[in-house]
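Here's the structure, in structure tokens; my notes come after.
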Amino acid sequence: MACGGCSCEAAVGATASEAYLEGEPVREARELVAELCRHFYAQGWVTGTGGSITVKVNDPAVPLADRLIVMSPSGVQKERMVAEDMYVMAADGKVLSAPVAKPWPNKPPKCTDCAPLFMKAYLMRGAGAVIHSHGMETCIATMLNPGAKEFRMTHMEMIKGIKGHGYRDELVIPIVENTPYEYELTDSLSEAIAAYPKATAVLVRNHGIYVWGDSWINAKTQAECYHYLLDACIKLYQLGIDWTTPEHGPINNAKRQRSILSSEIPNGCRAADSSKCVVLDIEGTTTPISFVTDVMFPYARDNVREHLTSTFDSEETKDDIKLLRIQIEDDLRNGISGAVPVPPDEAGKEEVINSLVANVESMIKADRKITPLKQLQGHIWRTGFEKKELQGVVFEDVPVALKNWHSSGIKVYIYSSGSREAQRLLFGNTTYGDLRKFLCGYFDTTTGNKRETRSYFEVSQSLGVDSPSQILFITDVFQEAVAAKNTGFEVIISIRPGNAPLPDNHGFRTIKSFSEI
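Just so we're aligned: the sequence shown equals residues 1 to 517 in the UniProt record's numbering.
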């Protein structure tokens with residue numbers, strides 16, 4: 001197959017032919033980066049030679065992972081960039097073409113210092129383009145709370161421009177600490193990318209933002225949305241308005257102001273007079289196990305084929321399939337029972353879906369607590385709730401307890417192996433109405449495995465309490481109770497119909513109803 005007048009093999013691997021490097025796809029990518037640099041300079045994102053842009057060469061004949069990379073240079077006036085100023089690299093980051101030195105007072109050519117960070121986005125997220133901006137709003141937003149590890153917002157229209165998010169969703173942008181040299185950020189950026197699988201951006205405190213997308217159009221669109229949203233949050237802060245809650249009410253006092261700017265996850269709850277928080281499990285704690293096993297799981301299993309077929313070409317489902325492929329490849333390497341290979345897209349939609357359905361059914365049967373499965377289930381359940389084919393079920397004592405805690409200023413969070421979207425759907429569509437107004441936020445397996453102590457440490461860090469002992473965790477699972485206790489949480493085990501028996505002399509307080517607390 002021809003690609004830009006050359007054989008496809010000439011464009012991949014560690015090297016590329018001279019003819020391909022001078023061909024139309026590479027030339028267009030060079031010109032695109034130069035044009036974007038000029039455009040972003042006008043936006044104030046890359047002034048003072050700061051910031052940088054990189055794109056994959058657009059050649060459909062070459063798989064995205066193998067395409068050549070074009071990067072802007074370092075220390076060059078971005079508004080004066082031309083195509084010849086760009087570096088061209090192989091997919092592994094090896095420089096294939098460098099610009100020719102220009103006369104004084106121009107600096108000798110040097111590839112962007114962002115190169116190792118750009119490569120992380122390419123390799124870890126399969127990005128098609130990455131933008132690094134020094135826009136003022138991206139810098140100031142990270143200064144509002146020097147200790148925050150995340151920047152959160154919700155119920156703002158432009159959130160819809162961020163991949164995988166809707167108007168009602170909470171947008172979470174991880175924050176990493178700045179370093180004297182750009183390349184020193186590489187490890188912390190890669191850790192943030194790994195820890196936040198849904199994120200398409202990382203903020204660098206006192207510095208700027210990295211944004212990536214499947215294409216330059218997607219990356220540019222998201223970058224524009226991030227800048228708009230961060231600018232809006234700064235203005236809301238100046239006006240004393242809370243951008244982290246659905247109602248966007250006033251910031252009432254200094255304590256509330258500190259709470260808003262912390263790395264907690266507020267979602268419509270008012271500040272507590274004390275620092276006490278309650279974190280609730282769902283299955284066997286707020287909701288009968290039978291509802292999950294006999295209603296939710298079968299619904300996802302019975303509708304997975306229809307869901308994948310009807311939404312196969314959507315960006316959301318493409319992301320679901322990408323995560324499933326990664327998980328299945330790992331399962332096959334580890335000899336997990338029920339895992340079957342997923343053919344490449346070239347095999348056809350039907351073949352891909354058949355193998356995905358087989359894997360998902362096996363995962364559901366084994367009740368695996370893994371993010372790719374939980375994310376897909378959440379999307380299937382969303383359709384069920386929208387069609388009124390599903391309705392959330394909670395024990396009768398739960399709504400009363402949630403209301404009482406909320407009225408007392410005690411903040412309540414959910415930590416479940418189900419995705420955050422699935423959690424919101426369940427509590428937003430119960431037989432008792434919408435209970436989300438009593439909840440401050442949601443944690444899922446992206447925080448960590450619920451049976452691991454470190455996961456509860458991450459929860460405590462996010463809630464911003466002075467001590468983990470200020471958090472009460474209620475669960476029906478003994479191993480989760482042990483992990484939370486080892487972190488310092490106060491723990492109560494829920495005894496509900498259908499729950500698994502506890503070990504003798506387990507040492508935890510137990511309750512049969514929230515009314516006992």
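In this text, a Cβ means the ideal position worked out from N, Cα and C, and glycines have one as well.
As the structure is a computational prediction, the values presented were derived from the model and not from experiment.
Neighbourhood of residue i by C-beta distance below 8 Å, restricted to the same chain and skipping five residues each side
i	result
I370	Q327, M363, T445
A199	V172, I173, P174, A192, I193
Span of the alpha helix (DSSP H), counted from its first residue to its last, around residue i
i	result
W381	371-386
S408	That residue, S408, is in no alpha helix (DSSP H); it is neither H nor E in DSSP.
I353	349-365
E35	24-43
L229	216-239
A481	478-487
K322	315-333
E458	453-463
E191	186-195
Beta-carbon spacing of residue i, residue j below 7 Å
i	j	result
T285	T510	no
R205	E184	no
F118	V130	yes
R451	E490	no
Y226	H132	no
E137	L230	yes
S215	G128	yes
I140	I234	yes
V70	V33	yes
R30	A98	no
D331	F514	no
P116	T54	no
Residues of its chain near residue i, where Cβ-Cβ distance is below 7 Å and the 5 sequence neighbours each way are ignored
i	result
E458	T447, G448
F385	L425, N429
E351	P343
P503	F478
S460	P468, I471, T487
V340	S355, A358, N359
Bridge partners - residue i, DSSP secondary structure assignment
i	result
C277	K411, I471
Y442	I414
F151	I173
A201	V211
R509	I492
G433	T430
H132	S52, Y210
M71	T54, Y87
E283	T287
P250	I241
G392	T430
C139	In DSSP, C139 forms no bridge with anything.
First and last residue of the uninterrupted beta strand (DSSP E) at residue i
i	result
S97	95-97
R301	That residue, R301, is in no beta strand (DSSP E); its alpha helix (DSSP H) goes 297-311.
R125	From DSSP, R125 is part of no beta strand (DSSP E) but of the alpha helix (DSSP H) over 115-125.
Y20	From DSSP, Y20 is part of no beta strand (DSSP E) but of the alpha helix (DSSP H) over 18-21.
Per-residue burial, residue i [other beta carbons within 10 Å of its own, 16 or more giving buried]
i	result
R152	buried
I217	exposed
W104	exposed
E264	With a pLDDT of only 38 at E264, under 50, the local geometry of the prediction cannot be trusted, and the value read off the model is given with reservation. Buried is the call here.
V62	buried
R436	buried
G75	exposed
Q391	exposed
R80	exposed
Y122	buried
V400	exposed
L324	buried
Y181	exposed
T293	exposed
P372	buried
Y167	exposed
P25	buried
A42	exposed
Close Cβ partners of residue i (< 6 Å) along its chain, the five nearest in sequence each way excluded
i	result
T311	T317
S467	none
Q222	I162, T200, V211, G213
residue 558	Lying outside 1 to 517, the shown extent of the chain, residue 558 is not represented and no answer is given.
G378	S419, E421, A422
I495	T510, K512
L376	D320
Q91	Per the sequence shown, residue 91 should be read as Ala rather than Gln. D66, listed in sequence order.
Test: residue i CB closer than 7 Å to a CB of chain D
i	result
K102	No chain D appears in this structure, which consists of one protein chain only.
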